[in-house]
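Contents: one structure, followed by commentary.
Chains as they are written, first to last, in this note's numbering: chain D, 78 to 447; chain C, 7 to 391.
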């Protein structure tokens, strides 16, 4: 059980204190860009520049797990870097660590309650009204209008419930006023050390009572999730439904490019395997007399479902970038949950739980074999 | 070849009839052209034999879902088209095909290229968000009357389309001439010996040769208008993106997804340099970069990617707009590249897709070129020394 305490710090004071008192070498979080009206995931090395951080800004222009993979893949940091990650980003990072695409070494992982994000295209720094209604929804524990469908139906938005042992520091936001001092928890040893460095006495500090609206939001979200899955399953039913779901697809593969789990440098579906001699196009055109180009469109999605569905954390990036509005994330969330439940696997929940694709047990999947 | 064969009636029907005759008489084994997709709310490319052509084939779709040149590259890259295939391309797709031939990504043998007077297309997003029946009808109207669409309709054609000055199918084996036809029909204009032969094989009835003088005049006028509009629009756009501050403003929304390059017909590399290990580094190096710049956006090298793509492919940029259609952040990528391309093209007096025999500037070396750029640097260095 994770206990939250009332601190007296705002988020900017907290960030400054982590720099000053914990002595971190860097910090990565969503931040205001120096130009334009957008926020981006940014790495800082000094507390003055880090004043531009807005870690809870409801936009995900890149999955933080993917960003941290880029940062740590070749070599981890030699000094500590604090990283802010939404629960789905932290789960993606954990999956990436399992497949050797990122390292936890010297990272101070900070996660927080996530009320969801808007499609990144729909939210800018100057959208005061949207941001206000979002803050309002966070305070009341409601789904804000306009957040992404997968976020509305996300039941894994509380780090303390859905990521075990990874987050060093957790910030509770739902049910609290946006300008209220932070409610913090320090579940790991590293977290506790940080608390000490920040001058927080965990034994004496005032405990935060769990807010009722958080569990109400869990219930609401569970309901939304059931409905979303039913809708998607209905649409995907039989080959006809499957083909129709991906019918608009232009084979740009953007969904795979932004997917934190799809890490392959050369995707199988972009490889020479799928570059054919001209003859095969005409042979495939064959009896039917026609062949749609680019070929292997549905195969690509089926392939991706089988390659990464097991690790899909339903972060929604794929759907945000789809130029033809296919509900990619909703499909992957629905199908992913089915495969994950077959193996009783929750992607990103436990860092030491091996990927089902990497383990062999003699008795698994017998119901399909027979 | 200043004559065309007049065909009376609807250009959509007439062109489909022409293609069917070519297939029936075995002048072609297949056609590669757009069709409605299965759910009928969008378009896709289909390779179709005699038996496969159906009522959903659409020679002139109102939207560019995938760039035709990329489809031609798929079909022919490895060993050329296996069978005689007619390909229906927009002018910008045709120009991209020619660039891809130069880059050895398309093999022209066994292909018959057919192109037409293109009024532009809707943006992909706008088309998918709108009512397709209405948008299809609006497009057809402007195709037949060859007017810029959108001015009286709710929707507008894409920005790059509205300033396109290469809007005819000139350069194809067969050009479908609609400008000057006064909504009454169209001309089949042979653009090569191959095209001439093919038209003959379709039907003896294609024999009403007419002079194209008045058409040429109309094209000249429209071209001049469009060139003027293009220059003015690009001038003001260039001003709005010039300098690091303005450029970064416009690229602030970019999420570095590289989708512009994935759908670009010219960006053919299997592994893009900007996705390669060359740009990776260890975390400490990233921290150093963040330190120097007072903040490093993750994933980094966003500006470098766009600048790199500008130097790698802008000389061949045909302003087809596919990049902008596929951009999830609505950045005016195709305008940005049209501006960059305008300068690179001018420096080398090169027009992509104009002539298949015109070598890519990158593939030729002239001892005396680019002196005007070199001199200031050499001067500076020699003075320092």
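Yeah, the Cβ is synthetic: ideal placement off N, Cα and C, and Gly gets one too.
For the segment 252-271 of chain C against the segment 82-92 of chain D, do three or more pairs of beta-carbon atoms, one drawn from each stretch, fall closer than 8 Å, so that the two count as touching? no
Integer Cβ distance of residue 161 (chain D) from residue 250 (chain D), believed to fall under 8 Å: Rounded, the Cβ-Cβ distance is 12 Å, inconsistent with contact.
Can you list, in chain order, the stretches of the beta strand (DSSP E) that have 3 or more residues and sit fully within the segment 37-107 of chain C? 49-54 and 91-95, all fully within the segment 37-107 of chain C.
Consider the Cβ of residue 269 (chain C): report whether some Cβ of chain D lies at a distance smaller than 7 Å. The C-beta of residue 269 (chain C) comes closer than 7 Å to at least one C-beta of chain D.
Assuming residue 322 (chain C) and residue 113 (chain C) form a contact by the criterion Cβ under 8 Å, report the distance between their Cβ atoms to the nearest whole angstrom. Not a contact, Cβ separation roughly 18 Å.
So which residues on chain C does residue 398 (chain D) lean against when the C-beta distance must stay under 7 Å? Chain C residues near residue 398 (chain D): 263, 265 and 334.
Would you mind stating whether residue 84 (chain D) and residue 261 (chain D) have Cβ atoms separated by less than 7 Å? yes
Buried versus exposed call for residue 103 (chain C) [16 or more other C-beta atoms within 10 Å across all chains shown]: Answer is buried; the Cβ neighbour count reaches 16.
Considering Cα atoms alone, identify which of C:266, C:50 and C:14 is closest to residue 369 (chain D). C:50
Chain D within 7 Å of residue 339 (chain C), Cβ atoms only: Judged by the 7 Å Cβ criterion, residue 339 (chain C) is not in contact with chain D.
In the DSSP output, what is residue 13 (chain C) paired with across the bridge? C:192.
Using the beta-carbon of each residue, which ones in chain C are nearer than 7 Å to residue 172 (chain D)? Going along chain C, no residue has its Cβ under 7 Å from residue 172 (chain D), so there is no contact; the nearest lies around 18 Å.
Residue 79 (chain D): buried (16+ other C-beta within 10 angstroms of its C-beta) or exposed? A residue is called buried once 16 or more other Cβ atoms fall within 10 Å of its Cβ, and residue 79 (chain D), having fewer, is exposed.
Residue range of the unbroken beta strand (DSSP E) whose run includes residue 189 (chain D): 184-189
Assign residue 208 (chain C) to one of two classes, buried (16 or more other C-beta atoms within 10 Å of its C-beta) or exposed (fewer than that). buried
Is residue 84 (chain C) close to chain D, meaning its C-beta is less than 7 Å from at least one C-beta of that chain? Interface residue, yes.
Looking at the unbroken beta strand (DSSP E) that takes in residue 279 (chain C), where does it start and where does it end? Where residue 279 (chain C) is concerned, there is no enclosing beta strand (DSSP E), given that its DSSP letter is neither H nor E.
At a cut of 8 Å, does the segment 348-365 of chain C reach the segment 287-307 of chain C through at least three beta carbon pairs? no
Within its chain, find whatever has a CB closer than 6 Å to the CB of residue 409 (chain D); leave out the 5 residues flanking it on each side and keep chain order. 389
Give me whichever residues DSSP pairs with residue 107 (chain D) in a beta bridge. D:118
Chain D residues whose Cβ lies nearer than 9 Å to that of residue 54 (chain C): 362, 366, 367 and 368
Is residue 254 (chain C) close to chain D, meaning its C-beta is less than 7 Å from at least one C-beta of that chain? yes
Beta-carbon neighbours of residue 112 (chain D), restricted to chain C and to distances below 8 Å: 251, 254, 255 and 258
Using a 10 Å radius around the Cβ and a threshold of 16 neighbouring Cβ atoms, would you call residue 376 (chain D) buried or exposed? exposed
Same chain only: Cβ atoms within 6 Å of residue 380 (chain C), ignoring 5 sequence neighbours per side: none
Roughly how many angstroms lie between the CA atoms of residue 128 (chain D) and residue 93 (chain D), to the nearest whole one? 8 Å
Can you give me the start and stop residues for the alpha helix (DSSP H) that residue 118 (chain C) sits inside? Here residue 118 (chain C) belongs to no alpha helix (DSSP H); instead the beta strand (DSSP E) covers 117-122.
Coarse secondary structure for residue 178 (chain C), derived from DSSP in three states: coil
Fully enclosed by the segment 167-251 of chain D, which beta strand (DSSP E) runs are 3 residues long or longer? Taking only runs of at least 3 residues, the beta strand (DSSP E) segments lying wholly in the segment 167-251 of chain D are 184-189 and 246-249.
When the Cα atoms are used, what is the spatial distance from residue 199 (chain C) to residue 23 (chain C)? 22 Å
For the alpha helix (DSSP H) that contains residue 260 (chain D), what are its first and last residues? Looking at the DSSP string, residue 260 (chain D) is not in any alpha helix (DSSP H); the run it does join, the beta strand (DSSP E), is 260-262.
What residue from D:438, D:392 and D:182 has the CA that sits closest to residue 197 (chain D)'s CA? D:392
Sub-7 Å separation of residue 324 (chain D) and residue 43 (chain C) beta-carbons: Contact: yes.
Check the Cβ of residue 387 (chain C) against every Cβ in chain D and list those closer than 9 Å, keeping chain order. Residues of chain D passing the Cβ test: none, with the nearest at roughly 33 Å.
Closer than 8 Å between beta carbons: that is the criterion. Which residues of the segment 83-107 of chain D meet it against chain C? 102, 103 and 105
Does the separation of the CB atoms of residue 473 (chain D) and residue 235 (chain D) fall below 7 Å? The displayed coordinates of chain D run from 78 to 447. Any statement about residue 473 (chain D) would go beyond what the structure contains.
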